[in-house]
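For the sequence shown, the positions run -12 to 268 when this note's numbering is used. Glycine included, every Cβ here is placed at the ideal spot set by N, Cα and C. No experiment lies behind these values; they were computed from the predicted model shown. I have placed the structure first, in the form of structure tokens, so that the comments after it can refer back to it.
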Amino acid sequence: MEIFKEIAPLRQRLSKLRSQDKTIGFVPTMGALHAGHISLVERANKENDITVVSIFVNPTQFNNKEDLEKYPRDPDADFALLEKNSCDIVFAPSVEEMYPEPDTRVFSLGSVAEVMEGKYRPGHFNGVCQVVSKLLSIVEPDHAYFGQKDYQQIAVVKAMVRKYMPNFEGEIVSCPIKRESDGLALSSRNVHLNPEQRKSALLISKTLFAAKEKADSGATQKQIRDFIKQNIATDANLCLEYVEIADKDTLQPIAGEYPKNAVICITVYDGKTRLIDNILL
Ligand code: PAF
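Rendered as structure tokens:
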């Protein structure tokens, strides 16, 4: 496995591989890798000749300084895990390498980026678009893989690529959420949970699974939303930030009483840890 910290030598290496007709799969990450990331690496390995993984904790997407400082970092463990899982190339740049000067670009993507995470984490998606547009231009992958745990992020990245990167020829590939055997969605933030909070966190996925069953048996949007709110409120460690039932493509509220082609997105504080999850209906 090759590790690059700078853009120019990485681009040289990738252009050599491209000239040998190798296809490139790309998995952007912020490190603190877990089985969810590895499932993306496995998919990239399967569908491309070369797998590139980036590890970069992107400061511009954190709207909260403490959250950025607390974000888990363990590059050596990440490199070892990637090597074990047949990653070919790691790109682990410094902040100065990625942002030699402040990125002042403003991405205007309309409603898809304004609801849910866009509303509760102002500036977050603009930072995601800044870094993802840079990474996609550097790596120029045939396929770029994103996990559906960050459901809205995928919709935003797709909208950004359509509007701001019309010459990008690769495909943004959306991959299913990876869960622990008890249902908890894998997240780098789970390391912040103490055993009691870890137990509480389980109620989030359990509630989503039960909500889907209710939707399948004909519950209305209001019934589903009320059920979720009441269920999450039963655990003293959990505090619901929002639950939305939205169109699975546009992420806008759904007209009518019953959810159709919908996704339920939820954000819950478990102690001080902010957890997100979702389920397609
Ligand atoms: O999902 C993430 O880990 C990040 O938002 C991403 C896509 C790597 C951009 O920093």
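How many Å lie between residue i and residue j at the Cα?
i, j, result
"Val230", "Thr254", "7 Å"
"Phe196", "Ile219", "13 Å"
"Gln117", "Arg0", "23 Å"
"Leu123", "Val102", "25 Å"
"Phe13", "Lys33", "12 Å"
"Phe112", "Asn177", "22 Å"
"Ser81", "Ile42", "10 Å"
"Val40", "Ala19", "13 Å"
"Asn181", "Lys259", "11 Å"
"Val148", "His130", "13 Å"
Measuring alpha carbon to alpha carbon, tell me which of the options ends up nearest residue i.
i, options, result
"Ser175", "Ala22, Lys150, Leu238 and Ile76", "Ala22"
"Gly105", "Glu244, Leu238, Tyr256 and Leu(-3)", "Leu238"
"Thr207", "Glu(-7), Arg185, Arg30 and Ile232", "Ile232"
"Lys193", "Leu171, Lys52, Val178 and Arg212", "Leu171"
"Leu225", "Pro(-4), Leu(-3) and Ala188", "Ala188"
"Ile251", "Leu267, Val143, Phe214 and Arg108", "Leu267"
Among the residues of its own chain, which have a CB less than 6 Å from the CB of residue i, if the five just before and after it don't count?
i, result
"Met(-12)", "Glu70 and Cys74"
"Ile141", "Phe133 and Ser161"
Going along the chain, which residues of its own chain have a beta-carbon closer than 7 Å to the beta-carbon of residue i, five neighbours each way excluded?
i, result
"Asp234", "Ile241, Asn248 and Ala249"
"Lys150", "Leu96"
Tell me where the alpha helix (DSSP H) around residue i begins and ends.
i, result
"Arg261", "Per DSSP, Arg261 belongs to no alpha helix (DSSP H); it is in the beta strand (DSSP E), Thr260 to Leu267."
"Ala188", "Pro182 to Asp203"
"Glu56", "Lys52 to Lys57"
In terms of residue numbering, what span does the beta strand (DSSP E) encompassing residue i cover?
i, result
"Asp257", "Ala249 to Asp257"
Is there contact here, the stretch 33 to 48 with the stretch 163 to 172, by at least three beta-carbon pairs under 8 Å? no
Determine, using beta-carbon pairs with one atom in the stretch 198 to 211 and one in the stretch 64 to 72, whether at least three such pairs fall under 8 Å. no
Would the stretch 88 to 100 count as touching the stretch 2 to 21 if we require 3 or more Cβ pairs under 8 Å? no
Any residue with its Cβ nearer than 6 Å to a heavy atom of the ligand ATP should be included. What is that list in chain order? Annotation note on the ligand ATP: not contained in the displayed structure, which lists the ligand PAF as its ligands.
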